[in-house]
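Below you'll find the structure, written out as structure tokens, and then a few comments.
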Amino acid sequence: MKGSEISDTIWILQHEKERNHVATAVECYMKQFGTSEEETYKKIQFRMEEEWININQELLQPTIVVPMAIFNRVINLSRILFEYYQIDQDGYTMSKYLEPKVAQVLVDYVPI
Numbered sequence: 010m011k012g013s014e015i016s017d018t019i020w021i022l023q024h025e026k027e028r029n030h031v032a033t034a035v036e037c038y039m040k041q042f043g044t045s046e047e048e049t050y051k052k053i054q055f056r057m058e059e060e061w062i063n064i065n066q067e068l069l070q071p072t073i074v075v076p077m078a079i080f081n082r083v084i085n086l087s088r089i090l091f092e093y094y095q096i097d098q099d100g101y102t103m104s105k106y107l108e109p110k111v112a113q114v115l116v117d118y119v120p121i
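Using this note's numbering, the first residue of the sequence shown is number 10, and each one after it goes up by one.
Spelled out as structure tokens, the structure:
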């Protein structure tokens with residue numbers, strides 16, 4: 010899983026527990042490796058950091074054949090999804106988490 014997918018999974022796990030849905034990736038990981046929920050979250054956070062390092066390395070030294078314009082769009086989507094679904098925050102359905110970030114970019118004056 011990539012960074013944004015992993016952070017989405019953490020948020021989804023907590024909310025799907027309340028709705029009694031099928032097992033999530035976190036629950037499957039816990040069952041497969043016999044880890045606690047806290048340890049699983051730490052592993053996921055570690056994987057997220059690894060994936061962002063991989064993304065940044067790919068940006069600095071491209072080794073894929075995908076045109077950079079397409080690659081940048083995928084990276085930008087990953088970045089915005091990461092901001093939408095921070096741990097314990099759902100900026101997509103609860104705008105109170107995302108509102109300050111949008112205001113920083115679009116409303117607040119930035120001297121150049």
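Just so it is clear, CB atoms sit at the ideal spot from N, CA and C, and this is done for glycine as well.
A quick note: this is a predicted structure, and the numbers were derived from the prediction, not measured.
- Helix or strand or just coil, what does DSSP make of methionine 9? In this structure the chain extends from 10 to 121, so residue 9 is not present and cannot be described.
- Query: What's the C-alpha gap between tyrosine 93 and glutamine 70?
  - Reply: Cα to Cα, tyrosine 93 sits roughly 28 Å from glutamine 70.
- Under the three-state DSSP convention, the category threonine 44 falls into: coil
- Residue from Ile64, Ile89 and Glu48 whose Cα sits closest to the Cα of phenylalanine 80: Nearest of Ile64, Ile89 and Glu48 to phenylalanine 80, Cα basis: Ile64.
- Query: Hey, would you say isoleucine 53 sits closer than 8 Å to valine 35, going by beta carbons?
  - Reply: yes
- Message: According to DSSP, simplified to helix, strand and coil, what is glutamine 70?
- Response: coil
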